[in-house]
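Below: one structure, written as structure tokens.
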Amino acid sequence: MTETKVQQIVVKAIAQTPIESWKYYHVCWWEGRLQCLHVHHTKEIHPVFYGAPGQVFINGLTAHQWKLTIGRIIDFCRTRGITLGAEPPKRWGRKSRRRDQARLQITEFDSLRLRTLIASAMSPESPANAHLDKLQRLLESADTVAPQDVPGDVVTMNSQVRLKDDDKNNEITLSLVFPLDALDDKDIEKMKVSVLSPIGLSILGRRVGDTLEGRVRVDQLLYQPEAAGDYHL
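Residue 59 is where the sequence shown starts when you use my numbering, and the numbers rise one by one after that.
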């Protein structure tokens with residue numbers, strides 16, 4: 059993997075981002091690939107290689123900035139056995155558990171409700187705008203399917219999911235719900251997670267076996283409304 063190849067990938071990532079000069083962005087490793095994103099796109103800790111005001115990315119990085127960024131990316135990839143632009147990254151010592159992760163799938167019913175949520179919740183200076191923007195991008199990039207056609211291993215709204223971290227040998231069970239339902243949660247053992255939370259946005263539309271940030275795995279779908287015939291949920 060040459061420095062020129064890495065630079066080409068970063069240039070493409072920057073070009074794919076609608077950058078505003080007064081906001082801050084960073085080149086980071088997110089969702090299994092190099093991206094250039096707003097610095098507040100998530101609260102989750104993840105690898106960051108270079109950050110600067112949007113104007114810097116618009117004008118173009120200097121030779122020193124490129125050297126710094128590329129060096130960090132190459133070190134990151136070398137220590138994790140990642141080859142950029144090749145197959146989806148695999149971590150050392152871990153067997154491939156399943157097929158490559160496919161596109162997300164969202165039911166028509168969920169898509170309609172989530173788009174309504176975005177329209178009603180979006181407002182100037184709202185702290186939730188970043189999550190709403192990410193949800194909007196997720197809906198635009200996902201495949202929309204009829205509720206009766208969604209596979210039984212896809213995480214839909216109101217699904218109960220078990221996530222497992224094999225590295226730490228622990229797991230957690232949660233239900234993916236709308237924001238108001240998450241606020242209403244009184245049963246600690248049935249943890250409800252808002253679709254607008256970082257983890258909620260990470261699991262929506264995923265399938266059993268998919269990994270989140272290369273570490274946490276969607277281990278089992280304990281309940282899916284569509285599979286149970288509960289199409290009203």
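We treat Cβ as the ideally placed atom computed from N, Cα and C, and that holds for glycine.
Asked: Excluding the 5 residues preceding and the 5 following residue 65 in the sequence, name in chain order all residues of the same chain whose CB lies nearer than 8 Å to its CB.; Found: 124, 128
Asked: Using 10 angstroms around the beta-carbon of residue 215, count the other beta-carbons present and answer buried if the total reaches 16, otherwise exposed.; Found: buried
Asked: Using DSSP with H/G/I as helix, E/B as strand and the rest coil, what is residue 68?; Found: helix
Asked: What residue from 206, 208, 210, 177 has the CA that sits closest to residue 194's CA?; Found: 177
Asked: Give me, in chain order, the residues of the same chain whose beta-carbon lies closer than 6 Å to that of residue 218; leave out the 5 immediate sequence neighbours on both sides.; Found: 233, 280, 281
Asked: Is residue 145 helix, strand or coil when you go by DSSP?; Found: With a pLDDT of 43 at residue 145, under the threshold of 50, the modelled position of this residue cannot be trusted; read the value that follows with caution. Note: residue 145 maps to coil in three-state DSSP.
Asked: In whole angstroms, what separates the C-alpha of residue 103 from that of residue 87?; Found: 10 Å
Asked: Using DSSP with H/G/I as helix, E/B as strand and the rest coil, what is residue 77?; Found: coil
Asked: Beta carbon of residue 12, beta carbon of residue 265: below 8 Å?; Found: It is not possible to answer for residue 12, since the shown part of the chain is limited to 59 through 291.
Asked: Cutting at 6 Å between CB atoms, please list the residues of its own chain near residue 110, excluding the five before and the five after it.; Found: none
Asked: Give me the Cα-Cα distance between residue 293 and residue 240, rounded to the nearest whole angstrom.; Found: Residue 293 is absent from the model: the chain starts at 59 and stops at 291.
Asked: So what's residue 268 in DSSP terms, helix, strand or just coil?; Found: coil
Asked: Helix, strand or coil for residue 118, going by three-state DSSP, please let me know.; Found: coil
Asked: Using CA atoms only, rank isn't needed, just tell me which of 189, 224, 225, 263 is closest to residue 202.; Found: 263
Asked: Is the Cβ-Cβ distance between residue 197 and residue 236 less than 8 Å?; Found: no
Asked: Quick one: residues in its chain with C-beta nearer than 7 Å to the C-beta of residue 68, no 5 flanking neighbours on either side, listed in chain order?; Found: 85, 92, 127
Asked: Whose CA, out of 141, 267, 238, 269, lies closest to the CA of residue 255?; Found: 238
Asked: Relative to the alpha-carbon of residue 189, which residue among 101, 139, 290 has its alpha-carbon at the smallest distance?; Found: 101
Asked: Which ranges does the beta strand (DSSP E) cover as unbroken runs of at least 3 residues, wholly within the region 184-266, from first to last along the chain?; Found: 201-203, 218-223, 228-235, 250-252
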